[in-house]
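Asker:
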Amino acid sequence: MDVNLIWSSIPVLARGLQNTMQIVVSATLLGGALALAGSILTLSRQLWIRKSVQVCSSIIRGTPILVQLFFVYYGFAQYEWIRNSWFWWILKEPIPCATMVFAINHAGYLVPLWTGAFAGVNRGQWEAARSLGLSKKIAFSWIIFPQAVRLIQPAYLNEIIFLLKGSALLSAIAVADLLGVARRISSAHFAPLEMFSVVACVYAAIVLTMMGIVAYVRRNNGNE
Numbered sequence: 071m072d073v074n075l076i077w078s079s080i081p082v083l084a085r086g087l088q089n090t091m092q093i094v095v096s097a098t099l100l101g102g103a104l105a106l107a108g109s110i111l112t113l114s115r116q117l118w119i120r121k122s123v124q125v126c127s128s129i130i131r132g133t134p135i136l137v138q139l140f141f142v143y144y145g146f147a148q149y150e151w152i153r154n155s156w157f158w159w160i161l162k163e164p165i166p167c168a169t170m171v172f173a174i175n176h177a178g179y180l181v182p183l184w185t186g187a188f189a190g191v192n193r194g195q196w197e198a199a200r201s202l203g204l205s206k207k208i209a210f211s212w213i214i215f216p217q218a219v220r221l222i223q224p225a226y227l228n229e230i231i232f233l234l235k236g237s238a239l240l241s242a243i244a245v246a247d248l249l250g251v252a253r254r255i256s257s258a259h260f261a262p263l264e265m266f267s268v269v270a271c272v273y274a275a276i277v278l279t280m281m282g283i284v285a286y287v288r289r290n291n292g293n294e
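The sequence shown maps to residues 71 to 294 in this note's numbering.
1) Rounded to whole angstroms, how far is the Cβ of Ser241 from the Cβ of Leu234, which I believe are closer than 8 Å?
2) May I ask you to report which of helix, strand or coil DSSP gives Arg288?
3) So what does DSSP say about Val269, is it helix, strand or coil?
4) Are the CB atoms of Ala103 and Trp184 nearer to each other than 8 Å?
5) Give the secondary structure of Leu202 by DSSP, where H, G and I count as helix, E and B as strand, and everything else as coil.
6) Judging by CA-CA distance, which residue of Ser256, Val191 and Ala187 is the nearest neighbour of Ser78?
7) Say whether the stretch 213 to 229 touches the stretch 273 to 288, bearing in mind that this needs 3 or more beta-carbon pairs closer than 8 Å, one atom from each stretch.
8) The alpha helix (DSSP H) with Ile213 in it runs from where to where?
9) Where does Lys121 fall in DSSP's three states?
10) Check each candidate in Ser201, Arg254, Val277 and Val171 and name the one with the smallest Cα separation from Leu99.
11) Val142 and Cys167 look like a contact to me (Cβ under 8 Å); what is the Cβ gap, rounded to whole Å?
12) In angstroms with no decimal places, state the Cα-to-Cα distance between His259 and Arg253.
13) Closest by CA to Val269, which one among Leu204, Met71 and Leu83?
14) So for Lys162, helix, strand or coil by DSSP?
15) Buried or exposed for Ala189, please, with buried defined as at least 16 other CB atoms from any protein chain shown within 10 angstroms of its CB.
16) Assuming contact is defined by CB atoms lying nearer than 8 Å, are Val245 and Asn89 in contact in what I supplied?
17) What span of residues does the alpha helix (DSSP H) with Ala81 cover, start to end?
18) May I ask you to report which of helix, strand or coil DSSP gives Pro134?
19) Could you give the distance in angstroms between the alpha-carbon of Val191 and the alpha-carbon of Ser267?
20) Using a Cβ distance threshold of 8 Å, determine whether the stretch 126 to 136 contacts the stretch 207 to 218, with at least three qualifying pairs required.
21) Go ahead and label Leu278 buried or exposed: buried means 16 or more other beta carbons lie within 10 angstroms of its beta carbon, across all protein chains shown.
22) Using DSSP with H/G/I as helix, E/B as strand and the rest coil, what is Leu278?
23) Which whole-angstrom value describes the C-beta separation of His176 and Ala97, a residue pair presumed to lie in contact below a C-beta threshold of 8 Å?
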């Protein structure tokens with residue numbers, strides 16, 4: 071194993087890791103917001119609204135994220151009206167495009183989790199809020215939502231772990247992520263063992279840290 075190559079490649083790999091984490095963190099925040107909005111819509115009394123959200127979530131969860139990346143990054147580019155639109159600046163660049171796709175994919179998996187968390191809050195909480203004269207918005211914001219957050223925490227963190235591991239596909243659309251940079255160095259120096267060992271160790275360190283956080287959250291929730 072060429073230790074000198076690994077050492078000299080650290081700055082380049084660090085930039086790749088920075089791109090990976092930038093996309094994952096941005097997609098986590100944006101996807102979380104989209105999922106929360108979508109799950110709130112599933113509480114609507116309008117059947118078509120609830121069904122629309124459920125169908126969109128099912129389609130997202132039913133297709134591989136690699137297909138979604140190719141569909142958006144390569145597929146949309148063939149339409150001139152898209153290339154002339156205001157949002158082309160997002161689709162034409164690998165990092166913004168990947169962030170958008172990962173955020174939507176993340177939201178598709180989180181919507182059922184939020185919906186289940188809201189359903190898991192005792193119905194009596196709504197009735198108690200009404201008996202106190204609280205509006206639906208206040209009851210949701212201050213009573214229902216905090217309890218749903220507590221219920222969803224472990225599963226939510228697990229979804230972030232899945233999103234992080236899925237980021238290994240980013241190089242498929244020319245993103246200079248951790249794996250993409252490692253592949254280029256490996257090809258240039260014929261050192262697959264060295265580069266992919268580093269990538270595996272980095273991913274393992276991040277994922278194991280997050281798994282520890284999940285276990286800690288579960289223990290705390292179980293003690294409350």
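C-beta atoms are modelled at their ideal positions from N, C-alpha and C, and glycine is treated no differently.
Here the structure is a predicted model, which is why all the values come from computation and not from measurement.
Answerer: The relevant details are as follows:
1) In fact, because the Cβ distance is near 15 Å, the residues do not count as touching under 8 Å.
2) helix
3) helix
4) no
5) coil
6) Ser256
7) yes
8) Taken as a continuous stretch (DSSP letters only), Ile213 belongs to no alpha helix (DSSP H), as it is neither H nor E.
9) helix
10) Val171
11) 6 Å
12) 10 Å
13) Leu83
14) coil
15) exposed
16) yes
17) Residue identity differs from the one stated: residue 81 is Pro in this sequence, not Ala. Residues Val73 to Leu111.
18) coil
19) 44 Å
20) no
21) exposed
22) helix
23) 6 Å
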